[in-house]
Amino acid sequence: MVRDGSEYPFNCGADLMFIYILPEFQGGGIGQKLVEQVKKHFNFRVPIELTCETSRRREFFERSDFIVAKYHQDYDMYHMKWIPE
Numbered sequence: 038m039v040r041d042g043s044e045y046p047f048n049c050g051a052d053l054m055f056i057y058i059l060p061e062f063q064g065g066g067i068g069q070k071l072v073e074q075v076k077k078h079f080n081f082r083v084p085i086e087l088t089c090e091t092s093r094r095r096e097f098f099e100r101s102d103f104i105v106a107k108y109h110q111d112y113d114m115y116h117m118k119w120i121p122e
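Sequential numbering of the sequence shown, starting at 38, is according to my numbering.
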């Protein structure tokens with residue numbers, strides 16, 4: 038689920054809220070393709086933010102060029118952002 042920036046002041050970004058891949062389909066690149074489609078939907082011009090738990094999920098999004106904007110050590114939670122070039 039993606040929420041675009043139209044709900045926010047200045048229309049300045051999008052939130053990637055949920056992405057789930059069934060375990061039997063994980064590891065085949067489906068998740069990466071979904072993330073790329075989200076970027077494409079916004080014409081690669083709108084920043085995308087998300088929050089994820091665990092370093093494994095962080096690594097997944099880092100492969101799609103997201104960066105860690107903030108780490109919450111008490112919860113092993115990462116606020117991540119993708120910023121278009």
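Glycine is no exception: its CB is placed at the ideal position from the N, C-alpha and C atoms.
Buried versus exposed call for residue i [16 or more other C-beta atoms within 10 Å across all chains shown]
i, result
"Ser43", "Bear in mind that a pLDDT of 49 at Ser43, under 50, signals an unreliable position, so the number given afterwards is only what the model happens to contain. With fewer than 16 other Cβ atoms within 10 Å, it is exposed."
"Phe98", "buried"
"Leu87", "buried"
"Met117", "buried"
"Ala106", "exposed"
"Tyr108", "exposed"
"Ile104", "exposed"
Closest Cα partner of residue i within the set the options
i, options, result
"Gly72", "His116, Tyr112, Lys107 and Asp102", "According to the sequence as given, residue 72 is Val; it is not Gly. Looking at the Cα atoms, Asp102 is the closest of the given residues."
"Tyr112", "Tyr57, Gly65 and Glu90", "Glu90"
"Gly68", "Ile56, Glu61, Lys77 and Phe79", "Ile56"
"Ile120", "Phe81, Lys70 and Gly65", "Phe81"
"Phe79", "Arg93, Met114, Gly50 and Lys70", "Gly50"
"Glu122", "Pro84, Gly66 and Arg100", "Pro84"
Contact with chain D by residue i, beta-carbon distance below 8 angstroms
i, result
"Lys118", "The chain labelled as chain D is not found in the depicted structure, where only one protein chain is given."
Residue i vs residue j beta-carbon contact at 8 angstroms
i, j, result
"Val75", "Leu53", "yes"
"Arg95", "Tyr115", "yes"
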